[in-house]
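Remarks on the structure that follows.
There are 2 protein chains.
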Amino acid sequence: MEYILQDYENINKLGYNKGAKMKIKGVIMVIIVLMFFNCEKNDTKKLVSISQSKNNKKVNLMPIPKEVHLLKEKHYINEDFKLSVEGKTGKMVYVNSTRFLRRLSGRTGLFFDQDFITTESKCDSAELKIISDELGEVKLNADESYFLEISENEIFLKANKENGIIYGLETLLQLLKSDQNGYYFQTCKIKDKPRFPWRGLMIDVCRHFYPVNVIKRNIDAMLAVKMNVLHLHLSEDQGFRIESKVFPKLHEKGSDGLYFTQSQIKEIIEYARVRGIRVIPEFDMPSHTTSWFVGYPELSSKDTVYSVERTWGIQDPAMNPVSEYTYQFLDKFIAEMVKLFPDEYFHIGGDENNGNHWKENENVQKYMKENDIKDKHELQTKFNQKILKILTKYNKKMVGWDEILQPQMPNNIVIQSWRGKKEMIKAAKKGYNTILSNGYYIDLFWNTQRHYLNDPVMKNANLNPEVEKNILGGEVTSWAEFTTSENVDTRIWPRTAAIAERFWSPRYIKDIDDMYRRLEVINFHLEEIGLTHIKNREMGIRRLANGQDVNPLRNLINVVEPIENYTRHHTRGEKKRYLQQSPLTRVVDFSYSDASVARKIRRATDEYIENYSSTKVEKSSLYFTNNPKEYLVNELNKLSVNNKKLAPIIGNSSILKEIKPLSKSISKVANIGLEAIDKLESNKTISKGKVEKYLKIINDSKEPIAELENRIIPAVEKLVITVSLK
Amino acid sequence: MEYILQDYENINKLGYNKGAKMKIKGVIMVIIVLMFFNCEKNDTKKLVSISQSKNNKKVNLMPIPKEVHLLKEKHYINEDFKLSVEGKTGKMVYVNSTRFLRRLSGRTGLFFDQDFITTESKCDSAELKIISDELGEVKLNADESYFLEISENEIFLKANKENGIIYGLETLLQLLKSDQNGYYFQTCKIKDKPRFPWRGLMIDVCRHFYPVNVIKRNIDAMLAVKMNVLHLHLSEDQGFRIESKVFPKLHEKGSDGLYFTQSQIKEIIEYARVRGIRVIPEFDMPSHTTSWFVGYPELSSKDTVYSVERTWGIQDPAMNPVSEYTYQFLDKFIAEMVKLFPDEYFHIGGDENNGNHWKENENVQKYMKENDIKDKHELQTKFNQKILKILTKYNKKMVGWDEILQPQMPNNIVIQSWRGKKEMIKAAKKGYNTILSNGYYIDLFWNTQRHYLNDPVMKNANLNPEVEKNILGGEVTSWAEFTTSENVDTRIWPRTAAIAERFWSPRYIKDIDDMYRRLEVINFHLEEIGLTHIKNREMGIRRLANGQDVNPLRNLINVVEPIENYTRHHTRGEKKRYLQQSPLTRVVDFSYSDASVARKIRRATDEYIENYSSTKVEKSSLYFTNNPKEYLVNELNKLSVNNKKLAPIIGNSSILKEIKPLSKSISKVANIGLEAIDKLESNKTISKGKVEKYLKIINDSKEPIAELENRIIPAVEKLVITVSLK
């Protein structure tokens, strides 16, 4: 799982939002503005139309549908609101239309009459008419399209299958707004379907285990942003997380008691199914398998006593690829698991086998010699071929990480690419179905924008349609070395919502400002379905402040970000390295990889500098209700005095000691920023010596403290340089 | 479930905290202060000793142990902290000592080496030595005592059974503090055991259903405050919440799909068992049974079509007490259930049968005539006798609400008293075992103090020891008409922690100020174990503010309380009455029945007035770091301008419209309070006309708005009257 940084293509940042500023007057009933946003040659049908209401309110949809025609009326709702369900409908529609009612009622406080929508729910007077032609299906390439039409008096939601209906309901909820007269949906017509059929989230429940409710709330969030694959990483060196009745020592010895029972797994799968989400199990093999060997050492390549691994990183243990026992075991085990998981795909991992235990094993070496197998890759392919045979017997298709792609493997397997897009495209060109995860490693502490702009099929990839079709979509991967039930939602969300848009919406939807604007709204509504991504950060801050004022600590957290990539592993030295049982409750664990205030400070700085040097009249931007300078000065002032407020709090909460120098440095840097602005405003300069001194302070502040980076530094650095260039 | 208000005994409010001000100097190593707090004749062994450290820091224990000797050293901990487990230990100790380690590590950020404590965990160098003589047992009258000794270098935790160990670990965590040098436990000796053996929480999962994780987090919270009975109210008119394999239509037709599967129930019971908590199921009968009849109408007294009840209140449907089918059915059903629930007690409800359907049923009437049964009570007793026979056959003891106590019932049943203490004492005197719930109805929106001062055995009850022994303890009841998974924790906690102290600690522990002080700390730590009582209120405020500034709304919520008792049922008129599906997301649903700022304003007012009229020098009190006047003026000023800030927010969030007049009235009343203080300070008077006008405004403001009461009114009223009396 070591991560190779990807090459970004050059991305044109123009897009969606620019067009929204166009305005056509004089059309009375319906103002349709057709906008060809930053059109790309390969994109057809990318008609998106937005009306300009008097209040200049924008749509808060995420993912942006394929086609949106906003109209100018408002469909108000009151306590008489009812929905009806027609056509072929089942549990998918019943559960989700009931959930829709409760969420609508919860947001608005309106007392609706309808209780649980069931087969028997009939309602001729309903203002929301739901019509589904066929029952839903939860499999690759299911029809997920829908059509939504909101007029002043009625709402139609129509789809070929239930899958489309449940997406349409989420879109409808995203359209809810409030004004002086009450709650309303803006009238519109929406025709929607996804760009990619495989829109996944992988959750690693091995490095740290999460109970059923954590998975369920993430499933609800996935539905809210129209994702449709939950990939459960179920076995690892650090834990075997599912009950096996055939080989009970797997979970009994390999899980510390932390695993899903079979009935819990069924519960999860059914919960996901009703929400249009496939569940794909991953049993990583032949490596990443220490936890299997605690109960069944005879599966391993090395005759030793195994215990659940507590450290992170690539481990030596691997299954014995030359023993018949291994394949008999796996045959029986897979036979048991395929009965639980109905999806046609089955993930066998296959990554990061370092081959050390194979090298040490005489039988393995002998077998390789005898069969003319030149390296561990070829041997692993032999292993994979045998596993493929087992899977095929049970009517399952194989999915695996990059490494399973070897010349001898047939191309009916799916390659999940963690290494990079080039590898993926190579595979797609060879005829393999592929999904992209490189660039979507949500555990790397990247900002949203970086993930968002990563496209499985970039415009300039110039793939022919046949090859492009082999790229099924992508998967966000949430590896769990640094997450617990408490903070995992804060890691996955809201960034995954932006990636979900990448998987669903047309490629040309990529305006960063507008993404962040919409994400702020969606983020907030994701709480409604039970996610803890906002509240648990707040809880973390409360706990860290140990009953004292939380504001100074929150101010700090709003401008710092955890260090990126896997550098956290190497920050504490060998003696204090992270173990499975290490606390994940420090400031870094409740900090966010897209610190909002820091981002806005950087943005305000850019806008301020741009305007300062041209007209000195600050423009009002998308972000700043007043002007960027005002925002900047306010925030820097707040940070300037923050250390004074935070220091005594740190004194009474020992867990905060490690951020003492960080807090100091933030206030110092903020002061430099304020001085630079002052000079720019009063048209004065700073002496060269002082500039050098300041830049040195800034440079020194770039050194992470307590695994955190001060993210206002780029802004202050720019301000100082701007003054120095005068 | 209509509630009869109880009579309070006269309570001497002196107590615990007074004694803590004593100080004995000159003892060097150990300062032991023996204090006989407000001694009562019947209390023996109520030795509690508290040292006065230089910093005057107090213990934050809740419940207060039977005996505490605080010493003056500090036992600091660092990353080398380890624990060892000796004697007879099982899952109870392993799970909870592992949880202890993780919570300690989580709070402190310290990286401990130990991972999962198991049979194999040996550690000679451990500084925390845990010694349990016997395995735990989860049944009535289990030995729950423990002894905890913290010295500078070692900590001993010793108990006869594992039960005591897990309580000692909770006590130890409550003792953790932080200073400039790091984290430490104050050295002390604690000898502890509970006052009552039955310390329960009843959760109604029928009016609204909660999934497993909600129950689990409440179980963890129960352990944290040393409660030991989880009473699950599993069937009701509004839902049948457990899977029955024998009579599957019970959950299939009676639950809207919201029920515990049998494997989930087993999961809950095991989770509770490991935490020393008995689980007692309640199947309310013969009334409160509509949901049974949806699938099995033949059980009912009236031949009709039943559907799950959506309204609240007492319903007519009741089981048919004269049909053999009923008893055959219940025999089979109980046989199935007793296999799931290992506790020796089984709750059959028995409350609030209005007898209407019995009156309408010819066979019932005929049977009554033939058997000389004069009323519904006698008939219900016949029914209960038959159920008792079934329970006895399955080795279960019967528990029921007050109504099951009828002359013909034998005294080996347990009476849960919801009607009042007099009834309970009457039963106890007759030799029945009893538990008190009257006064602990946590759904009545009472403040903490009112519940806290309610004692199952008041000092002046003057019971003889034999009778007193029949009073086993009490149960907090959390009825669920107005709670959902989202806000149920905010209703149960933290108030239940104070009641838990009533059940555990000596009777004379009843200082209100100190209870509130400690509750504030315990409240905050209850978050650590997963309770959502703080974070979900904050989430509610965020949602209600609809993305706008949350502070003005929070200011309002901090001074208002939901209207008390069951008046919410009658506030919206028949047409808009509450149904099961009604939204519980309005301001009232995220308001707290012990609004903290309002409470402090009232307290500050009392202190201010007292001092104003005597010396005019404000004393510094337990609550107010500066002085009460300063606190008062600050808070009233904040409220005075709050409406101005809240009004535009209400304008953009229609769900808040209903509190518009409330917000206005709070600012108005705050202004009156400020004026009164101003007059008092400047030694001026207010004209009689103005006083009358103000008192009228205050009086008008007493009318609830949006089911909420302005709780600063008593304070402002006192201020105005004080001025007027000058």
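Protein sequence lines correspond, in order, to chains S and L.
All you need for my numbering is the position in the first sequence, starting with 1, plus 9.
All you need for my numbering is the position in the second sequence, starting with 1, plus 9.
Using N, Cα and C, we set each Cβ at its ideal position, and we do this for glycine too.
Model, not experiment: these values are computed from the prediction.
Taking the Cα of residue 285 of chain S as reference, the smallest distance to any Cα among S:320, S:296, S:457, S:352 is reached at S:352. For chain S, the residues of the stretch 531-553 of chain L that bring a beta carbon within less than 9 Å of one of its beta carbons are 533, 534, 536, 537, 539, 541, 543, 544, 545, 547, 548, 551, 552, 553, in chain order.
Setting aside the 5 residues that flank it on each side, residue 414 of chain L is surrounded in the same chain by 424, 436, 441, each with a C-beta closer than 7 Å to its C-beta; the list follows chain order.
Exclusion of the five residues before and after residue 717 of chain L leaves 569, 570, 571, 572, 596, 597, 600, 668, 671 as the residues of its chain whose Cβ lies within less than 8 Å of its Cβ. Bridge pairing for residue 327 of chain L: L:296 [DSSP]. Within the DSSP secondary-structure output, residue 443 of chain S pairs in a beta bridge with S:424, S:480.
Excluding residues up to 5 positions away in sequence, 145, 151, 153, 285 lie with their Cβ nearer than 6 Å to the Cβ of residue 172 of chain L in the same chain. Taking C-beta separations shorter than 7 Å and ignoring five residues to either side along the sequence, the partners of residue 376 of chain L in its chain run 331, following chain order. Taking one beta carbon from each stretch, the stretch 524-540 of chain L and the stretch 549-562 of chain S have 3 or more pairs nearer than 8 Å; the two touch. In the assembly as shown, residue 726 of chain S is a buried residue. Its beta-carbon has 16 or more other beta-carbons within 10 Å.
Fully enclosed beta strand (DSSP E) runs of no fewer than 3 residues occupy 480-487 of the stretch 453-526 of chain S, in order along the chain. Contact with chain L is absent for residue 414 of chain S, since none of that chain's Cβ atoms lies less than 9 Å from the residue's Cβ.
Boundaries of the beta strand (DSSP E) harbouring residue 244 of chain S: 238-245, taken from the DSSP string. At least one C-beta of chain S is nearer than 9 Å to the C-beta of residue 664 of chain L. Residue ranges of uninterrupted beta strand (DSSP E) with 3 or more members, entirely inside the stretch 663-721 of chain S and ordered along the chain, are 717-719.
The criterion of a C-beta distance shorter than 9 Å is not satisfied by residue 263 of chain S and residue 321 of chain S. In the DSSP assignment, the residues bridged to residue 168 of chain L are L:141. If the five residues before and after residue 445 of chain S are omitted, its C-beta is found closer than 6 Å to the C-beta atoms of 426, 433, 465, 483, all from its own chain and listed in chain order. Judged by beta-carbon spacing, residue 102 of chain L lies beyond the 9 Å limit of residue 159 of chain L, meaning their Cβ atoms are not closer than that value. Using a Cβ-Cβ cut-off of 7 Å, residue 192 of chain S is close to 663 of chain L, given in chain order. As for any beta strand (DSSP E) of minimum length 3 sitting wholly inside the stretch 320-406 of chain S, the runs are 354-356, ordered along the chain. DSSP places residue 603 of chain S in no alpha helix (DSSP H); its state is neither H nor E. Under DSSP, residue 200 of chain S forms a beta bridge with S:76, S:156.
In the three-state reduction of the DSSP assignment, residue 86 of chain S falls in the strand class. In this structure, the CA atom of residue 368 of chain S is about 17 Å from the CA atom of residue 306 of chain S. According to the DSSP assignment, residue 283 of chain L belongs to the alpha helix (DSSP H) that extends over 271-283. Residue 222 of chain L belongs to the set of residues whose beta carbon lies under 9 Å from a beta carbon in chain S. Taking the Cα of residue 100 of chain L as reference, the smallest distance to any Cα among S:266, S:71, S:81 is reached at S:266. Around the beta carbon of residue 359 of chain L, 16 or more other beta carbons lie within 10 angstroms, which makes this residue buried. The straight-line gap separating the alpha-carbon atoms of residue 104 of chain S and residue 140 of chain S is approximately 15 Å.
The continuous stretches of beta strand (DSSP E) do not include residue 418 of chain S, and DSSP gives it neither H nor E. The criterion of a C-beta distance shorter than 9 Å is satisfied by residue 539 of chain S and residue 222 of chain S. Taking the CA atoms as reference points, residue 204 of chain S sits about 11 Å from residue 72 of chain S. Within chain S, the C-beta atoms nearer than 9 Å to that of residue 270 of chain L come from 272, 276, in chain order. Contact between the stretch 114-124 of chain S and the stretch 73-91 of chain S is established, with three or more Cβ pairs separated by less than 8 Å. Rounded to the nearest whole angstrom, the C-alpha separation of residue 327 of chain S and residue 165 of chain L is 43 Å.
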